[in-house]
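Residue numbers (the working numbering): 20 to 115.
Even glycine gets a Cβ: it sits at the ideal position worked out from N, Cα and C.
A quick note: this is a predicted structure, and the numbers were derived from the prediction, not measured.
Here's what the structure looks like:
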């Protein structure tokens, strides 16, 4: 009985590892990035985080960029469209 419980617990924990993985959503053509004017920095040293594409309602929608406080010892790496056999998938930007 203990062996079955351990196996069940192991399977449940293994399943939770994969639930947090975000799926890639593919499109055949990359959407055109809208043209916008970057506003003036709100304070000295502000870092511009460029706009991103977010999957919403079965399609990619553009989310405008914003200024952020720089993180010590890190740089912001912008998102990009990754080409694949099924089309293009958006890879989000992040602090590195």
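- Pairing residue 44 with residue 96, the inter-Cα distance amounts to about 20 Å.
- Taking the Cβ atoms as the reference, residue 93 lies roughly 6 Å from residue 115, within the contact range of under 8 Å.
- Rounded to whole angstroms, the separation of the alpha carbons of residue 63 and residue 47 is 41 Å.
- Taken atom to atom, the span from the alpha-carbon of residue 65 to that of residue 73 is near 23 Å.
- Inclusion of residue 82 and residue 98 in the CB contact set at 8 Å is not warranted, their separation being larger than that value.
- In the DSSP assignment, residue 49 falls outside any beta strand (DSSP E) and carries neither an H nor an E.
- If you check the CB distance, residue 87 and residue 59 do not come in under 8 Å.
- A distance below 8 Å between beta-carbons, with the five flanking residues on each side excluded, links residue 57 to the following residues of its chain, in chain order: 67 and 84.
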